[in-house]
Amino acid sequence: MIKFDVIKAKGHFNVRAKHRTTLEITKDDYLTPRGDCIIGILSDKGAKDISEETKKLLKRDETYVYLVIHVEGLTDIIRGRGSSKLKLTDPNRMIFRKSNYICEATVMINSDKSAKDINREIVRKLRTDQSNMVAILLTSDSPLKDEEILRVVINLNPVS
Numbered sequence: 460m461i462k463f464d465v466i467k468a469k470g471h472f473n474v475r476a477k478h479r480t481t482l483e484i485t486k487d488d489y490l491t492p493r494g495d496c497i498i499g500i501l502s503d504k505g506a507k508d509i510s511e512e513t514k515k516l517l518k519r520d521e522t523y524v525y526l527v528i529h530v531e532g533l534t535d536i537i538r539g540r541g542s543s544k545l546k547l548t549d550p551n552r553m554i555f556r557k558s559n560y561i562c563e564a565t566v567m568i569n570s571d572k573s574a575k576d577i578n579r580e581i582v583r584k585l586r587t588d589q590s591n592m593v594a595i596l597l598t599s600d601s602p603l604k605d606e607e608i609l610r611v612v613i614n615l616n617p618v619s
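See below:
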């Protein structure tokens with residue numbers, strides 16, 4: 460079973476994406492240089508806003524979680540896991556972690572990438588206030604290959 464949510468956010472001139480363990484998307488309308496894990500602001504969703512169907516899968520230890528980031532024709536995929544301990548109650552933020560630390564904003568744990576691992580061309584594009592990011596949060600009860608993930612994204616077609 461596959462469930463997904465589409466998240467839309469904007470870039471900002473202070474996007475640095477240098478954090479070694481986390482990646483964050485926020486509803487906040489500002490970003491200071493200290494927010495080196497944040498790759499998108501003015502998001503249309505926080506962890507609390509994720510659909511109930513997707514939350515249900517995220518809150519299972521055996522769930523595979525994927526974040527597909529799309530910016531101006533470039534795509535990057537982050538892979539991680541869900542957890543029965545996820546709270547998903549933060550109204551403003553979504554955090555994707557390499558560790559298994561969990562707070563109200565944590566959406567993915569044990570991810571294979573953090574902010575510093577994101578394609579640097581995507582990061583460069585996100586450093587403009589005009590850049591738009593579409594992120595697709597996919598959950599699956601079985602592991603997916605890149606082709607399968609991208610097939611879901613293409614069939615969804617949220618970028619049009």
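For this note's numbering, count along the sequence shown from 1 and bump the result up by 459.
Backbone N, C-alpha and C fix where the C-beta goes; we use that ideal spot for every residue, glycine too.
On a predicted model such as this, the values are computed, not experimentally measured, just so you know.
For this session: Kindly confirm or deny that the stretch 503–518 and the stretch 547–556 touch, where touching means at least three C-beta pairs closer than 8 Å.
Result: yes
For this session: Taking Lys544 as the reference, give the member of Lys515, Lys486 and Asp535 with the closest Cα.
Result: Lys515
Exercise. Anyone know if the C-beta pair for Ser573 and Lys557 falls short of 8 Å?
Worked result: yes
For this session: Specify the secondary structure class of Lys518 as computed by DSSP and reduced to three states.
Result: In this structure, DSSP gives Lys518 a state outside helix and strand, which the three-state scheme calls coil.
For this session: May I ask you to report which of helix, strand or coil DSSP gives Leu615?
Result: helix
For this session: Taking the CB atoms as reference points, tell me whether Phe463 and Leu615 lie closer together than 8 Å.
Result: yes
Exercise. What residue ranges within the stretch 483–511 form continuous beta strand (DSSP E) runs of no fewer than 3 residues, ordered along the chain?
Worked result: The stretch 483–511 contains these whole beta strand (DSSP E) runs: 497–499.
For this session: Provide the residue span of the beta strand (DSSP E) that contains Arg540, from first to last.
Result: Leu533 to Arg540
Problem set entry | Simplified DSSP assignment, three categories, for Ala564 | coil
Problem set entry | For Ala468 and Ser619, the rounded distance between their alpha carbons | Note that Ser619 has pLDDT 44, beneath the 50 cutoff, so the model's placement of it is unreliable and no number is given.
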